[in-house]
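J.: My structure is below; once you've seen it, I'll send some questions.
Protein chains: 2
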Amino acid sequence: MSSSSEINATAASLLGFLSDASMTGWELDAAVEGSIANFWNVTRSQVYRELRTLADLGYVEAGDAGPRDRRPYSITEAGRQAFAEWIVQNPGSPIVRMPLLLTVFFGRHLPPDRLAEIIEKELDGGAEALRQFEVMQQAYGADPFVRQVLQFGIDYQKTLLSWLEGLTADPAIMPAESEKASTRSNRED
Amino acid sequence: MSSSSEINATAASLLGFLSDASMTGWELDAAVEGSIANFWNVTRSQVYRELRTLADLGYVEAGDAGPRDRRPYSITEAGRQAFAEWIVQNPGSPIVRMPLLLTVFFGRHLPPDRLAEIIEKELDGGAEALRQFEVMQQAYGADPFVRQVLQFGIDYQKTLLSWLEGLTADPAIMPAESEKASTRSNRED
DNA sequence: AGCTTGACATTCTAAATTAGAAGGTACACC
DNA sequence: GGTGTACCTTCTAATTTAGAATGTCAAGCT
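The structure is reproduced here in C-alpha cells:
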C-alpha cells in the first residue's frame, strides 16, 4: 500500500543480480541465462527495456558508457528497497507451457510408433538436462538457496524421466512393444 | 514441407477438442480449463481469436448462431488433416515461469520467517492441487493418454511437495526452526 | 405480465512480451 | 593497417495477454 510502483518479476530479478554487483545489460543477460533461465524466461530485449524502466524509476543508475557503449548499471538505495518490497510478496502462480503434455494428451490421434519416437527423444533430452543441472550444482553450490533451486531442477527432471519411462511401459499406450531392449543397442541415430 | 500453413499449439488443441464434438468458444474454453489448462495456458480471448483464424483457414466451420450468439464450431476434413500434421511434430521445449523459484533463488534477501510463511502457503496450495489431480484422474480415467497426463500432474505435485519439505528441513535455509511437527496436527485451517 | 438479477457468450482494446533483425564498436589476428 | 569476429545495444513488427465492454437469455419475484 505504501509503495505505488510495483515492478514485475523480471525487473525484480535484475535488481536481485545487481544487488551483488554492477553489471551491463549484456552481463545481466548472461547471468540470467546461466541461472534462472530454466524457470524464468527472459529475452535479451526485455533486459534492456526493463533496465531503462528501472532507470526511469530511479532504481538503477547508468554509469558512463565504456568501450562498446557498454553501460554498467548499478542499483540505488531506492532500488534495494523496491527489491526488498518485491521479494516479500507471495509468489504468483506458475505459468507453464509444456508441448509434450499436449502431445500426450491428444496421444490417441498419434501413430504409436511416432509417439514412441517422441518419447525416446524426450528421454534423451531429459537425461541431458539432468546432467546439466548436476554440473551446475557443483559449480554454483555456494549459496544454499541457489543450491536448492538447482535441486528442484534435478528432482523435476528425474520425475519427468521416470514418468516417460512409465509411458513406455504402459501397454494401453505402447501396444506394439514386441521387441525389447535386446536389439536396442544396435540402432544408433 | 508439404503443408504451408503451420498452426500454433493452442489452435491445434482446439482442433483436438473439436475432433470429438462440435463446440462453441465458450464450451471450448471450459474444456480447456477443465483439462489442459494446468500445462497449457489459454485465455478466453485467445480461444475466440484462434477460432476465427481457424475458420479463415478452413479448418473449422461456424454453424448458425444459437440462443445467445452461441456459435458452434465443427472441424472440417482439412482441419483434421492439419491437426494430424501438427501432432506428429516434435513437441517444442517447455516454457515455464515459476515465481516461487525466483523467490527461493533470491532467498538470502528474504527474512527467514517470511520465507517460512511462503513455503507453508505453497505446501497448502500444492497439497490442494494434488488432490485436484487425483479427483480428476477418477473422473477422466477413460482415455489412457489423458490418464497419463494427469499422472504427470500428480507426480509433479508430489515432487514439488517433497522439495518444499526439504526446504523446511534445510538448516542453511530455515535456521530458526525451534518447534517441530508435534504441535502441527492441532492447527487445522 | 413486467421487472430484476445473474449467468452465459462474444468482441474489443490497450498493454505487455517476444523474437530476432538492424546497427554499430572494439579487439585480435594476419 | 586491414579484416573478421565477437561484443553490446536498440529497434520494430508480430504475437499474446488480461480483462473491460457489450450484449443476450433464463429464472424468479411481485
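Residue numbers (numbering that gives the first Met the number 0), protein chains in the order written: chain A, 0 to 188; chain B, 0 to 188.
Note that the Cβ used here is the ideal one computed from N, Cα and C, for glycine as well.
In this text the structure is predicted, and so the values were computed from the model without any measurement.
So which residues of chain B does residue 38 of chain A contact, with C-beta pairs closer than 8 angstroms?
T.: On the first sequence, residue 38 of chain A is found 39 positions in, with the first residue counted as 1. Correct list: 95, 96, 97, 100, 101.
J.: 8 angstroms is my cut-off, CB to CB: does residue 134 of chain A come that close to chain B?
T.: Taking the first residue of the first sequence as 1, we reach residue 134 of chain A at position 135. Judged by the 8 angstroms Cβ criterion, residue 134 of chain A is not in contact with chain B.
J.: Which residues in the same chain have their Cβ closer than 7 angstroms to the Cβ of residue 64 of chain A, if we skip the five residues on either side of it in sequence?
T.: The residue you call residue 64 of chain A lines up with position 65 of the first sequence. Sequence-distant partners of residue 64 of chain A (beyond 5 residues in either direction) whose C-beta falls short of 7 angstroms from its own C-beta, in its chain, are 70.
J.: Tell me whether residue 137 of chain A is buried or exposed, calling it buried when 16 or more other Cβ atoms sit within 10 Å of its Cβ.
T.: Your numbering for residue 137 of chain A matches position 138 in the first sequence. With fewer than 16 other Cβ atoms inside 10 Å of its own Cβ, residue 137 of chain A counts as exposed.
J.: What alpha helix (DSSP H) runs, 4 residues minimum, are completely inside the region 1-80 of chain B?
T.: 8-17, 24-32, 43-56
J.: Taking residue 123 of chain B as the reference, give the member of B/160, B/11, B/36 with the closest Cα.
T.: If you number the second sequence from 1, residue 123 of chain B lands on position 124. The candidate whose alpha carbon is nearest that of residue 123 of chain B is B/160.
J.: Out of A/166, A/89, A/45, which one is the CA nearest neighbour of residue 120 of chain B?
T.: By one-based count along the second sequence, residue 120 of chain B stands at place 121. Distance from the Cα of residue 120 of chain B is smallest, within the candidate group A/166, A/89, A/45, for A/89.
J.: Say whether chain A places a C-beta atom closer than 8 angstroms to the C-beta of residue 174 of chain B.
T.: Numbered from 1 along the second sequence, position 175 holds the residue referred to as residue 174 of chain B. For residue 174 of chain B, the answer is no, since every Cβ of chain A falls outside 8 angstroms of its Cβ.
J.: Compute the beta-carbon to beta-carbon distance between residue 39 of chain B and residue 18 of chain B, rounded to the nearest angstrom, for a pair I have assumed lies under 8 angstroms.
T.: Numbered from its first residue, the second sequence carries residue 39 of chain B at position 40. Numbered from its first residue, the second sequence carries residue 18 of chain B at position 19. Contact doesn't hold; Cβ gap of about 17 angstroms is too wide.
J.: Under 7 angstroms, CB to CB, which of the residues in the region 99-132 of chain B have a partner in chain A?
T.: Residues 99, 100, 101, 102, 103, 104, 105, 106, 107, 108, 109, 113, 117, 120.
J.: Residue 94 of chain A by DSSP, collapsed to three states: which one?
T.: Position 95 of the first sequence, counted from the start, is the residue given in the question as residue 94 of chain A. If DSSP states are grouped into helix, strand and coil, residue 94 of chain A belongs with the strands.
J.: If you follow the alpha helix (DSSP H) that residue 109 of chain A is in, where does it begin and where does it stop?
T.: Here residue 109 of chain A refers to the residue found at position 110 when the first sequence is read from its first residue. For residue 109 of chain A, no alpha helix (DSSP H) run applies, since DSSP gives it neither H nor E.
J.: Where does residue 144 of chain A land, buried or exposed, given buried means 16+ other C-beta within 10 angstroms?
T.: Here residue 144 of chain A refers to the residue found at position 145 of the first sequence. Answer is buried; the Cβ neighbour count reaches 16.
J.: Taking the alpha-carbon positions, what's the residue 100 of chain A to residue 129 of chain A distance?
T.: Residue numbering aside, residue 100 of chain A sits at position 101 when the first sequence is read from its first letter. Residue numbering aside, residue 129 of chain A sits at position 130 when the first sequence is read from its first letter. The alpha-carbon atoms of residue 100 of chain A and residue 129 of chain A are separated by roughly 19 angstroms.
J.: Hey, would you say residue 43 of chain A sits closer than 8 angstroms to residue 28 of chain A, going by beta carbons?
T.: As a working note, residue 43 of chain A is residue 44 in the first sequence. As a working note, residue 28 of chain A is residue 29 in the first sequence. In contact: residue 43 of chain A and residue 28 of chain A (Cβ atoms closer than 8 angstroms).
J.: Could you name the residues of chain A that residue 166 of chain B contacts, counting a contact when the two beta carbons are closer than 7 angstroms?
T.: Residue mapping note: residue 166 of chain B aligns to position 167 of the second sequence, counting from 1. By Cβ distance, chain A contributes 147.
J.: Which two residues bound the contiguous alpha helix (DSSP H) that contains residue 155 of chain B?
T.: Taking the first residue of the second sequence as 1, we reach residue 155 of chain B at position 156. Here the alpha helix (DSSP H) through residue 155 of chain B covers 143-168.
J.: Report the residues of the region 59-72 of chain B with a CB closer than 8 angstroms to any CB of chain A, ordered along the chain.
T.: none
J.: Would you say residue 103 of chain A and residue 147 of chain B are within 8 angstroms of each other, going by their C-beta atoms?
T.: Taking the first residue of the first sequence as 1, we reach residue 103 of chain A at position 104. Taking the first residue of the second sequence as 1, we reach residue 147 of chain B at position 148. Taking 8 angstroms as the Cβ cut-off, residue 103 of chain A and residue 147 of chain B qualify as a contacting pair.
J.: Where does residue 126 of chain A sit, in a helix, a strand or coil, going by DSSP?
T.: Position 127 of the first sequence, counted from the start, is the residue given in the question as residue 126 of chain A. Helix.
J.: Excluding the five sequence neighbours on either side, which residues of its own chain have a C-beta within less than 6 angstroms of the C-beta of residue 171 of chain A, listed in chain order?
T.: As a working mapping, residue 171 of chain A is identified with position 172 in the first sequence. Closer than 6 angstroms at Cβ, skipping near neighbours: no residue.
J.: Give me the chain A residues within the contact set of residue 46 of chain B, using Cβ-Cβ distance strictly less than 8 angstroms, ordered along the chain.
T.: Translated into the one-based positions of the second sequence, residue 46 of chain B becomes position 47. Under the 8 angstroms cutoff, chain A gives no residues; its nearest Cβ is about 15 angstroms from residue 46 of chain B.
J.: Alpha carbon to alpha carbon, what distance is there between residue 57 of chain B and residue 77 of chain B?
T.: For the purposes of this step, residue 77 of chain B is identified with residue 78 of the second sequence, where counting begins at 1. For the purposes of this step, residue 57 of chain B is identified with residue 58 of the second sequence, where counting begins at 1. In a straight line, the C-alpha of residue 77 of chain B is about 7 angstroms away from that of residue 57 of chain B.
J.: Short check: CB of residue 95 of chain B to CB of residue 95 of chain A, under 8 angstroms?
T.: Position 96 of the second sequence, counting from 1, holds the residue named residue 95 of chain B. Position 96 of the first sequence, counting from 1, holds the residue named residue 95 of chain A. Going by C-beta atoms, residue 95 of chain B is nearer than 8 angstroms to residue 95 of chain A.
J.: Does residue 187 of chain B have its Cβ less than 8 angstroms from a Cβ in chain A?
T.: The residue you call residue 187 of chain B lines up with position 188 of the second sequence. Annotation note: pLDDT 46 at residue 187 of chain B (below 50); position unreliable, no value reported.
J.: With 16 as the cutoff for other CB atoms within 10 Å, does residue 168 of chain A come out buried or exposed?
T.: Position 169 of the first sequence holds residue 168 of chain A. With fewer than 16 other Cβ atoms from the protein chains shown falling within 10 Å of its own Cβ, residue 168 of chain A counts as exposed.
J.: In or out: residue 208 of chain B buried (at least 16 other Cβ within 10 Å) or exposed?
T.: Because chain B spans 0 through 188 in this model, residue 208 of chain B falls outside it and cannot be assessed.
J.: Find the residues of chain A that neighbour residue 142 of chain B, judging by a C-beta separation of less than 7 angstroms, and give them in chain order.
T.: As a working mapping, residue 142 of chain B is identified with position 143 in the second sequence. Those are 107, listed as they occur along chain A.
J.: Among residues of its own chain, excluding the 5 on either side of residue 73 of chain A, which ones have a beta-carbon nearer than 8 angstroms to its beta-carbon?
T.: As a working mapping, residue 73 of chain A is identified with position 74 in the first sequence. For residue 73 of chain A, where only same-chain residues beyond five positions count, the Cβ hits under 8 angstroms are 17, 21, 59, 60, 62.
J.: Considering Cα atoms alone, identify which of A/106, A/164, A/15, A/141 is closest to residue 83 of chain B.
T.: The sequence position of residue 83 of chain B within the second sequence is 84, counting from 1. The candidate whose alpha carbon is nearest that of residue 83 of chain B is A/106.
J.: Roughly how many angstroms lie between the CA atoms of residue 173 of chain B and residue 163 of chain B, to the nearest whole one?
T.: Within the second sequence, residue 173 of chain B is the residue found at index 174, counting from 1. Within the second sequence, residue 163 of chain B is the residue found at index 164, counting from 1. So the alpha carbons of these two residues sit roughly 12 angstroms apart.
J.: Alpha carbon to alpha carbon, how far is residue 41 of chain B from residue 35 of chain B?
T.: As a first step, residue 41 of chain B must be located in the second sequence, where it is residue number 42. As a first step, residue 35 of chain B must be located in the second sequence, where it is residue number 36. Computed Cα separation, rounded: 9 angstroms.
J.: Can a CB atom of chain B be found closer than 8 angstroms to the CB of residue 6 of chain A?
T.: Start at 1 with the first residue of the first sequence, and residue 6 of chain A comes out as number 7. Contacts with chain B at 8 angstroms (Cβ-Cβ) do not include residue 6 of chain A.
J.: Assign residue 171 of chain A to one of three DSSP states: helix, strand, or coil.
T.: Residue mapping note: residue 171 of chain A aligns to position 172 of the first sequence, counting from 1. Reduced to three states, the DSSP call for residue 171 of chain A is coil.
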